[in-house]
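The opening position of the sequence shown corresponds to residue 4 in the numbering used here, with each subsequent residue numbered one higher.
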Amino acid sequence: MMPKRDYFNFYSAGRIVFGSGVTARLSQFIQPWAPKKALIVTDAVLVRIGLVNEIERPLRDAGIEVDIFDGGEPEPSFAVADRALAKANASKPDLVIGVGGGSNLDLAKIVACVLSHGGGYRDYFGYGKVPGPIMPLVCLPTTAGTGSEVSHAAVLTDTENQVKISSLSHYLRPALAVVDPKLTLSCPPQASADSGIDALTHAIEAFTAMSFDQLAVPPDEPFPYDGKQPIGDCLAERAIELIGKHLITAVKEPSDLVAREGMALAATLAGLAFSNNAVAVVHALEYPIGGALHCSHGAGNGLLLPYVMKFNLPARIPEFKRIAELLGENVSGLSDLAAAERAVTAVERLRVDAGIPLRIRDLGGTRDQLPLFAKKSFAIQRLMILNGRTPTEADLLSILESAF
Ligand SMILES: NC(=O)c1ccc[n+]([C@@H]2O[C@H](COP(=O)([O-])OP(=O)(O)OC[C@H]3O[C@@H](n4cnc5c(N)ncnc54)[C@H](O)[C@@H]3O)[C@@H](O)[C@H]2O)c1
Ligand SMILES: [Zn+2]
């Protein structure tokens, strides 16, 4: 029998600054690196609405030269990464600043990594391929969602093979995350809903994952996630509670700063939770579905989440009961199983209220695509190992059938 893994790790971004309006003091926060030239990696939408200007101005006032790559796109493709790298290579910054949702933050991570270690982004796909620390990277999230500002992941879309592909390395965690909930006030309802349900997925997958001492990975063998562990669990629980409280208000009343603050905190906590514990079968299924059906990462995850929860439930009854409580369900007097099932009901309700697609066919998927989705997902073995209940490929197909 394989010996058990007998310890867990916890990693974070180097520093997290959280507060409404803190963006105005960005030049103060980056002083430790004394940068001469910063490259902001962002997109045209955020430039157009003036959000990038808010970040750029104090930097210029502090005498820092600023270049901007504004070619970021949702779910960035290899072509977008090529353009970002061409700009970065010409610019030669000594600091990279990602501004945007997870798409732009991931692009900024790739830019900082390639500028630091050379080669191309393909050299860094998979786990542990980044050979050492990367140049200073600062991330300012403008969605309350992905947690990329603190995570070890950078995701691109391989449009040719219709699948998402990620680079995972603790060296990709930003040196500084500046989480300013005010930056999310302009986030449109759809993006708020999609990214918010992604954060919920991160927290639930982290909290219900395979435990660190049950992982089918030999001790000390490098692995991108540690499995369910107590520090990540604390963060996941708080994130779930905050999302239950604030997600729908943030979607329906975009200017409600209290809801935006709650969601911004939740997303960062969920990012810390998943990037130490796990993401699992929901994310594995979303990778080929998002690649083929071009839905956003959050919409795909939100669609799949309750179906995967139903599959996982028998193996994680106490955890699902706790999730039900955290989402405000009254479970008193219910059996443990009935209480656990309330977690699924609560997530289904949130999904409807947020306007997330409910079925794969709503995204334009067809039934004959399901076996290939199951096959491609099953091939992401690291995420199968991390799931609280280990699935077969046939299990994945039946989850997809139920979600169809
Ligand atoms: N690195 C990680 O740990 C991690 C985790 C989860 C997801 N992801 C990746 O993140 C991406 C999804 O990111 P996302 O959900 O944050 O959305 P996104 O970055 O794709 O943004 C969606 C759209 O919303 C717009 N937008 C964002 N913030 C705005 C604001 N404040 N005001 C106005 N418009 C705004 C953007 O311009 C964009 O058009 C996917 O590629 C996914 O694979 C990464
Ligand atoms: Zn995600």
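Ideal Cβ positions, reconstructed from N, Cα and C, are used throughout, including at glycine. Model, not experiment: these values are computed from the prediction.
Pair within 9 Å by beta-carbon distance, residue i and residue j
i, j, result
"ALA156", "SER23", "no"
"PRO79", "SER106", "yes"
"LEU140", "LYS112", "yes"
"ILE43", "VAL20", "no"
"PHE323", "VAL347", "yes"
"VAL153", "GLY274", "yes"
"VAL114", "TYR127", "no"
"ASN304", "THR204", "yes"
"LEU143", "VAL182", "yes"
"ALA178", "ALA16", "yes"
"ALA283", "LEU386", "yes"
"LYS231", "ALA209", "yes"
Beta bridge counterpart(s) of residue i as assigned by DSSP
i, result
"PRO144", "GLY103"
"PHE72", "VAL44"
"LYS167", "THR160"
"ILE182", "The amino acid at residue 182 is misidentified as Ile; the sequence shows Val. Note: VAL182 sits in a beta bridge opposite PHE21."
"SER380", "Answer is none; SER380 lacks a bridge partner."
"TYR130", "LEU171"
"LEU98", "ALA41"
"SER80", "THR160"
"LYS231", "SER214"
The beta strand (DSSP E) enclosing residue i, as first and last residue numbers
i, result
"ARG18", "18 to 21"
Buried/exposed call for residue i, threshold 16 Cβ in 10 Å
i, result
"ARG63", "exposed"
"GLU264", "buried"
"VAL355", "exposed"
"ASN280", "buried"
"MET312", "buried"
"ARG176", "buried"
"LYS7", "exposed"
"ASP229", "buried"
Range of the contiguous alpha helix (DSSP H) that encloses residue i
i, result
"ALA343", "339 to 357"
"ASN5", "For the record, residue 5 in the displayed sequence is Met; it is not Asn. Note, MET5: premise wrong, no alpha helix (DSSP H); not H, not E."
"ILE320", "320 to 329"
"ILE67", "From DSSP, ILE67 is part of no alpha helix (DSSP H); its letter is neither H nor E."
"ILE402", "396 to 406"
"LEU306", "300 to 315"
"ALA209", "192 to 210"
"MET266", "260 to 277"
"LEU288", "284 to 296"
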